[in-house]
Amino acid sequence: MSSSSIRNPTALALKSIGSLYGNPHVLRKKFSLRMIKKIHFNYCPLMLKEVNKGAKDFYDRCWAPKTKTTNPDCSISIDVYDNNADSKPPSLIIEFEDGRKLDFSDVSYVSTAAIMEAIQLKKKKIKKYYQTVGKDYYETEDEENPLALQDKKDEEEAMAGAKKKKKK
């Protein structure tokens with residue numbers, strides 16, 4: 002252990018805390034709205050920027066064209082309220098298609114990656130439940146890797162090209 006980390010235990014703690022997926026940028030890249038029915042966000046724009054940053058970035062990411070096309074039926078709503086003495090912190094409610102909810106009653110200072118990670122873990126839990134029951138909610142491979150469909154198409158085209166060459 003270096004002497005700087007001994008003097009500053011918080012730095013050591015922050016270094017040891019990592020994403021469950023290891024790289025949060027990968028999680029942001031493959032984020033999709035599949036299995037999500039509704040996203041509802043409450044916040045006050047007059048609060049400090051840092052308070053709302055993660056949740057507001059998540060809200061903006063949900064409206065990105067690439068993400069929105071993964072589930073066009075997903076309802077995304079936002080409520081804006083005034084900042085007064087008895088105001089509540091920003092909140093986020095995510096409702097899944099099977100009726101389950103993920104309720105963040107206070108998303109102050111929560112990062113976008115943390116929200117996406119919680120959603121991904123909930124999706125895995127839902128898929129695992131349906132697999133144990135014997136139903137297939139979604140193709141698990143496609144949900145884990147959104148590029149899997151493209152990879153399958155490329156593979157099929159390559160195989161078709163190889164078969165044509167053999168026939169000639």
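Using my numbering, read the sequence shown as starting at 2 and increasing by one per residue. All C-beta atoms in this analysis are idealised placements derived from N, C-alpha and C, irrespective of residue type, glycine included.
| Check | Outcome |
| --- | --- |
| For my contact list, K34 and C75 are in at a C-beta cut-off of 8 Å; report their separation, rounded to the angstrom. | Correcting the residue type first, residue 34 is Leu in the shown sequence and not Lys. Contact flag correct, Cβ pair sits at about 4 Å. |
| Which residue's Cα is closest to the Cα of T70: V108, M36, Q132 and A56? | M36 |
| Expressed to the nearest angstrom, what Euclidean distance is found between the alpha-carbon atoms of E98 and K129? | 15 Å |
| Relative to the C-alpha of I127, which candidate in H41, K31 and L103 has its C-alpha closest? | L103 |
| Classify A65 as buried or exposed, calling it buried when 16 or more other Cβ atoms lie within 10 Å of its own Cβ. | exposed |
| How many Å lie between P90 and R101 at the Cα? | 23 Å |
| Would you mind reading off the limits of the beta strand (DSSP E) that contains L122? | Here L122 belongs to no beta strand (DSSP E); instead the alpha helix (DSSP H) covers T113 to V134. |
| Going by DSSP in three states, E51 sits in which element: helix, strand or coil? | helix |
| So C45 and D107 are in contact, right, with Cβ under 8 Å, and what is the actual spacing, rounded? | Actually they are not in contact, since the Cβ atoms of C45 and D107 sit about 13 Å apart, beyond 8 Å. |
| Mark K124 as exposed unless 16 or more other C-beta atoms lie within 10 angstroms of its C-beta, in which case mark it buried. | buried |
| Based on the DSSP secondary-structure assignment, which residues constitute the bridge partners of F59? | DSSP output for F59 lists no bridge partner at all. |
| Can you look up K102 in the DSSP assignment and give me helix, strand or coil? | strand |
| Where A114 and I77 are concerned, what is the direct C-alpha to C-alpha distance, given to the nearest angstrom? | 18 Å |
| If you run the structure through DSSP and keep just helix, strand and coil, what is K89? | coil |
| So, helix, strand or coil for S39, using DSSP? | Note that residue 39 is Lys in the sequence shown here, rather than Ser. Three-state result, K39: strand. |
| Kindly indicate the opening and closing residues of the alpha helix (DSSP H) around T68. | P66 to K69 |
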